[in-house]
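K.L.:
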Amino acid sequence: MIQSMTGYGKEVVQLPSKTITIEIKSLNSKSLDLNTRVPSAYRDKELDIRDLLAKSLERGKIDFMLNIETSGTETSTQLNEAIVKQYIEQLANVVNGDPVELLKMAVRMPDALKTEREEVDDKEYKAIIKGVEKALKAINKYRTDEGKVLEKDFLARTQTISKLLAQVIVMDPERISGVKERLRKAISDLKEKVDENRFEQELIYYLEKYDITEEVVRLKNHLDYFEKSLKSHDSNGKKLGFITQEIGREINTIGSKANYAPMQQVVVQMKDELEKIKEQALNVL
């Protein structure tokens, strides 16, 4: 079953003194393009989180955000009292001002506030990892649901191409008759006698160049293979991309050999459906 590379997952973890929000967004990309935003306290854990994301999501442009909000009862930023007092004394020597105003000025000065480096709590980290796993489960479900929509669209378009190919097969005898008639008329217009056996040999050689039997067979096989690949256990957008290239090659060859306006019109419709398949295949994981 195919999966889309487009997805979104979110999980909120509530701890006694903190609210942890985890968000994961993904878009299509040729490879894994992973962008993470985590608090400074978790920088040393970032590689582990990236590995977890990479193993689960495999491919796509991934944006990961970990946000930790601390309640008012707990903060890592404190007033550096000694420094602030020194600033107030120095400011008082320069200007005569209200103590409150001097304090406002002092707390804006360098080193007035100090931030103690938070140590990563094991329980908190385990809660975060569990939250990441839940967010990954959510985004993978989103991708799977989107994949079902893509699969339905792919099948509709490959079936349309198959119906158009059936039209090509039906009109092929008429096309060949038309080619033969044009050749005979061309010879007749020359008003010269030709050896009938020689003419038939040349006609066969000429018609072989316009024969589309092999292309029709290969195109049918490619369409079947594409549909079977949609049902495979693993989602493989690159494989689907390769198959669409082969489908396109056969359609183009039929078009170049057609030499018959009605058939070429049908080929144009086939190309239009294939282009839409190619565009959507870029979103497949």
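Under full-length UniProt numbering, think of the first position of the sequence shown as 1, with each following residue one higher. We put the beta carbon where it would ideally sit given N, CA and C, even for glycine.
According to DSSP, is Met5 part of a helix, a strand, or is it coil?
P.N.:
Of the three classes helix, strand and coil, the one that applies to Met5 here is coil, per DSSP.
K.L.:
How many Å lie between Gly7 and Thr160 at the Cα?
P.N.:
The alpha-carbon atoms of Gly7 and Thr160 are separated by roughly 28 Å.
K.L.:
Tell me, to the nearest whole angstrom, how far the beta carbon of Tyr87 is from that of Met109; I am working on the premise that it is less than 8 Å.
P.N.:
Their Cβ separation, rounded to whole angstroms, is 5 Å, which keeps Tyr87 and Met109 in contact under 8 Å.
K.L.:
Going by DSSP, name the residue or residues bridged to Gly237.
P.N.:
Note: Gly237 sits in no beta bridge, so no partner.
K.L.:
Which residues does DSSP pair with Val217 in a beta bridge?
P.N.:
In the DSSP output, where bridge partners are listed per residue, Val217 has none listed.
K.L.:
Pop quiz: Ser4 and Ile62 are said to be a contact at Cβ under 8 Å. What is the actual Cβ separation, rounded to whole angstroms?
P.N.:
About 13 Å separates the two Cβ atoms, so there is no contact after all.
K.L.:
Is Thr36 closer than 8 Å to Asn67 when the C-beta atoms are compared?
P.N.:
No.
K.L.:
Taking the alpha-carbon of Arg182 as reference, which of Val170, Asn259 and Lys148 has the nearest alpha-carbon?
P.N.:
When each option's Cα is compared against that of Arg182, the closest is Asn259.
K.L.:
Less than 7 Å between C-beta atoms, sequence neighbours within five positions excluded: which residues of the same chain meet that for Val267?
P.N.:
Correct list, in chain order: Ile251, Ile254, Gly255 and Ala258.
K.L.:
What does a CB cutoff of less than 6 Å around Glu151 pick up in its chain, not counting 5 residues either side in sequence?
P.N.:
So the qualifying residues of the chain are Ile2 and Leu230.
K.L.:
I'd like the span of the alpha helix (DSSP H) that includes Arg50, first residue to last.
P.N.:
Start and end: Glu46 to Leu57.
K.L.:
Report yes or no: do three or more beta-carbon pairs, one from the stretch 206-224 and one from the stretch 152-171, lie closer than 8 Å?
P.N.:
At 8 Å Cβ cutoff, the stretches touch.
K.L.:
Apply the 10 Å Cβ neighbour rule to Tyr206 and answer buried if 16 or more other Cβ atoms are within range, or exposed otherwise.
P.N.:
Exposed, by the Cβ-count rule.
K.L.:
Nearest-angstrom Cα distance between Glu23 and Asp211?
P.N.:
Approximately 56 Å, taken between the alpha carbons.
K.L.:
Between which two residues does the beta strand (DSSP E) harbouring Leu27 extend?
P.N.:
From DSSP, the beta strand (DSSP E) with Leu27 extends over Lys18 to Leu27.
K.L.:
Is the number of C-beta pairs between the stretch 41-58 and the stretch 131-144 that are closer than 8 Å three or more?
P.N.:
Segments in contact, yes.
K.L.:
Identify, in the order they occur along the chain, each residue of the same chain with its Cβ nearer than 7 Å to the Cβ of Glu262, setting aside the five sequence neighbours on each side.
P.N.:
Sequence check: residue 262 is Pro here, not Glu. Result list for Pro262: Met171, in chain order.
K.L.:
Would you please state the rounded distance, in angstroms, between the beta carbons of Leu102 and Leu113? I believe it to be under 8 Å.
P.N.:
About 16 Å; that fails the 8 Å criterion.
K.L.:
Which same chain residues, not among the five before or five after Ala281, have their C-beta less than 7 Å away from its C-beta?
P.N.:
Cβ neighbours of Ala281 beyond the five flanking positions: Gly237, Leu240, Gly241 and Thr244.
K.L.:
Which of the three DSSP states is assigned to Asn67 in this structure?
P.N.:
Asn67: strand per DSSP, three-state reduction.
K.L.:
DSSP three-state call for Gly60: helix, strand or coil?
P.N.:
Of the three classes helix, strand and coil, the one that applies to Gly60 here is strand, per DSSP.
K.L.:
Cα separation between Pro99 and Glu46?
P.N.:
Distance between the alpha carbons of Pro99 and Glu46 is about 45 Å.
K.L.:
Roughly how many whole angstroms lie between the Cα atoms of Phe154 and Gln14?
P.N.:
C-alpha separation (whole angstroms): 42 Å.
K.L.:
Residue range of the alpha helix (DSSP H) that Leu15 falls in?
P.N.:
Careful: Leu15 lies outside any alpha helix (DSSP H) and carries neither H nor E.
K.L.:
Between the C-alpha atoms of residue 286 and Glu146, what's the straight-line distance to the nearest angstrom?
P.N.:
It is not possible to answer for residue 286, since the shown part of the chain is limited to 1 through 285.
K.L.:
Using the C-alpha atoms, what's the distance from Ser17 back to Lys104?
P.N.:
Lys104 and Ser17: Cα-Cα distance of roughly 29 Å.
K.L.:
With Leu274 as the anchor, note down where its alpha helix (DSSP H) starts and where it stops.
P.N.:
It spans Ala261 to Ala281 - the alpha helix (DSSP H) in which Leu274 sits, taken as one unbroken run.
K.L.:
At what residues does the beta strand (DSSP E) containing Leu34 begin and finish?
P.N.:
Its beta strand (DSSP E) spans residues Leu32 to Arg37.
K.L.:
For Val149, does the three-state DSSP call read helix, strand or coil?
P.N.:
Reduced to three states, the DSSP call for Val149 is helix.
K.L.:
Per DSSP, what kind of secondary structure is Leu223 in: helix, strand or coil?
P.N.:
It is helical.
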